[in-house]
Amino acid sequence: MTLLMFMVMMAGIASLLGFYRLLAGPTHTDRVVALDLLFSIAVVFSLIAALASGRTVYLDVAIGLALIGFVATLAWARLIQDVVKTKRDGEIP
Amino acid sequence: MTIGGTLICLLALAILLIAAVGVVRLPDALARQHAATKAATLAVSIFAIGIGVTAWDGQWTWRVILITVILLFAMPLASHALARAGIAELERRKDDGSTG
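Residue numbers (the numbering used here), protein chains in the order written: chain A, 96 to 188; chain B, 145 to 244.
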């Protein structure tokens with residue numbers, strides 16, 4: 096039990112660092128990079144939940160999170176690219 | 145939990161923590177992405193394998209293998225697209241000459 100708490104604590108520290116970059120990142124790319132890292136940490140959290148509860152349902156949650164993170168990062172990347180290409184000074188497209 | 149599975153899981157968490165520290169400390173968007181994507185992919189894959197070694201059960205094994213395969217080909221694709229966006233944004237920012 097203490098070992099599981101230690102694992103949760105390490106992943107929690109990592110997610111705090113990721114949240115700092117998500118809030119403070121100067122460019123849009125920094126924020127999406129932090130989001131990508133947070134999705135990875137969410138997968139780790141649900142794997143820890145599977146280990147703690149002994150149920151395979153949480154592994155299915157981890158599979159879903161991995162796929163959603165992939166699609167989300169692709170969508171944000173395309174959005175950033177389009178916004179950067181069409182942006183004029185002081186204008187939000 | 146077995147000793148081997150525990151050690152693999154702790155190694156993976158250490159790599160994940162290093163990735164998070166790299167995301168905070170490195171100076172550039174692309175450098176931060178270099179830290180986040182590669183190290184996080186490695187960490188999550190190793191953690192999933194550690195979970196599979198710990199459980200050592202058929203129901204767990206194929207799900208763990210599926211997670212690892214999905215990660216190993218989803219994360220490079222996503223990070224490639226994100227790196228293209230990052231390069232475009234950095235060039236745009238350089239052209240504008242703005243810092244904020």
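Ideal Cβ positions, reconstructed from N, Cα and C, are used throughout, including at glycine.
Given 8 Å as the limit, is there contact between the segment 156-174 of chain A and the segment 164-173 of chain B, that is, 3 or more CB pairs closer than that? In short, these stretches do not touch, since the Cβ pair count stays below three.
On a Cα-Cα basis, can you pick out the residue from B:Arg-176, B:Ala-158 and B:Leu-160 that is closest to Leu-117 (chain A)? B:Arg-176
With DSSP run on the structure shown, which of helix, strand or coil describes Trp-230 (chain B)? Trp is not the amino acid found at residue 230 (chain B); the sequence shown has Gly there. Reduced to three states, the DSSP call for Gly-230 (chain B) is helix.
With distances taken between CB atoms, is the gap from Thr-146 (chain B) to Thr-198 (chain B) smaller than 7 Å? Against a cut-off of 7 Å, the Cβ pair of Thr-198 (chain B) and Thr-146 (chain B) comes out as a contact.
Quick one: grab the DSSP three-state call for Asp-201 (chain B). coil
With a cut-off of 7 Å, does the C-beta of Leu-226 (chain B) fall near any C-beta of chain A? yes
Compute the beta-carbon to beta-carbon distance between Leu-174 (chain A) and Ala-222 (chain B), rounded to the nearest angstrom, for a pair I have assumed lies under 8 Å. Their Cβ separation, rounded to whole angstroms, is 13 Å, which puts Leu-174 (chain A) and Ala-222 (chain B) out of contact at 8 Å.
How many Å lie between Leu-146 (chain A) and Asp-240 (chain B) at the Cα? Cα-Cα distance, rounded: 50 Å.
By how many angstroms is the C-alpha of Lys-238 (chain B) removed from the C-alpha of Tyr-153 (chain A)? 45 Å
Do Gly-230 (chain B) and Thr-124 (chain A) have their C-beta atoms closer together than 7 Å? yes
Report yes or no: is there a C-beta of chain A within less than 7 Å of the C-beta of Gly-148 (chain B)? no
Does the distance from the C-beta atom of Gly-196 (chain B) to that of Ala-156 (chain B) stay below 7 Å? It is not a contact, given that the beta carbons lie outside the stated cut-off.
Alpha carbon to alpha carbon, how far is Gly-113 (chain A) from Gln-190 (chain A)? Give it in angstroms, no decimals. Residue 190 (chain A) cannot be examined here, being either before or after the span of chain A that is shown, 96 to 188.
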